[in-house]
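Enquirer:
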Amino acid sequence: MKIKIKKIVLSTKSKIQFIDITKKIVQLVKKTDMGYVLVFAQHTTTALWVNENEKGLLTDIKKKIESFAPQNDFYNHKCDRNNASSHLQSLLFENPIYIPIVSGKLLLGTHQSCFFVELDGARKKREIIVQIISQ
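Position 58 (the sequence shown) corresponds to 342 in the numbering used here; numbering is contiguous.
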C-alpha cells in the first residue's frame, strides 16, 4: 500500500461559500491506478461534501444552512469572531469524504462534485489535506 499526502490551500471571500474542488483533487490523483482518496478539512467551521454543482441547489442549501443555526448572540460559545453558528452549521455536513479511484479517475456520479464549504469566512488561508491511498 502506498500513501501520499497532498494539500490544497484556499482563501475564501464570504461568510458562507461553496468552492468546487473537484478539479484540484482530479489533478492530485491522476497518476493513481487503483485506490481511494480521503479529503479532510483542517477547520472546525468548514465542511466537505459531494453534491451537484447547480446554482439553484447551492442557493437552497445556503438558505437551509443559515436557517439551521442563524448568526446570533444567544449562543454560549463566545470568541472574537462570534462564530458559534458556524460551528453548529458544520455539523450538517461531512468531513472527511472518501472517493474511490480507478485508472486515475475519481469514481464520482454524473452530477457529483466535491465541495469545500466555508461557514466562517472570509479567510485568507484554509487548508485541506488530500491523502491518496493506493496499491
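Think of the CB as a built atom: it goes at the ideal place given N, C-alpha and C, for glycine as much as any other residue.
Check the DSSP bridge columns for D304 and list the partner residues they point to.
Expert: Residue mapping note: residue 304 aligns to position 20 of the sequence shown, counting from 1. DSSP, once it has assigned bridges, lists F399 as partnering D304.
Enquirer: To the nearest angstrom, how far is it from the Cα of A377 to the Cα of I303?
Expert: Walking along the sequence shown from the start, residue 377 turns up at place 93. Walking along the sequence shown from the start, residue 303 turns up at place 19. With the sequence shown as reference, residue 377 is identified as Phe, and Ala is not the correct amino acid for it. So the two alpha carbons sit approximately 14 angstroms from each other.
Enquirer: Starting from the Cα of T329, find the closest Cα among A368, K288, E336 and H395 and give me that residue.
Expert: Here residue 329 corresponds to residue number 45 of the sequence shown, with the count starting at 1. Nearest C-alpha to T329: A368.
Enquirer: By the three-class DSSP mapping on this structure, what secondary structure does T330 have?
Expert: Translated into positions along the sequence shown, residue 330 becomes position 46. Residue state, collapsed to three classes: strand.
Enquirer: Looking at the secondary structure, which residues open and close the beta strand (DSSP E) in which F352 lies?
Expert: Working through the sequence shown from its first residue, we reach residue 352 at position 68. Looking at the DSSP string, F352 is not in any beta strand (DSSP E); the run it does join, the alpha helix (DSSP H), is K339 to F352.
Enquirer: Indicate whether A406 and K308 have their beta-carbon atoms separated by less than 8 angstroms.
Expert: Position 122 of the sequence shown, counted from the first residue, corresponds to residue 406. Position 24 of the sequence shown, counted from the first residue, corresponds to residue 308. No, these two residues do not count as a Cβ contact at 8 angstroms.
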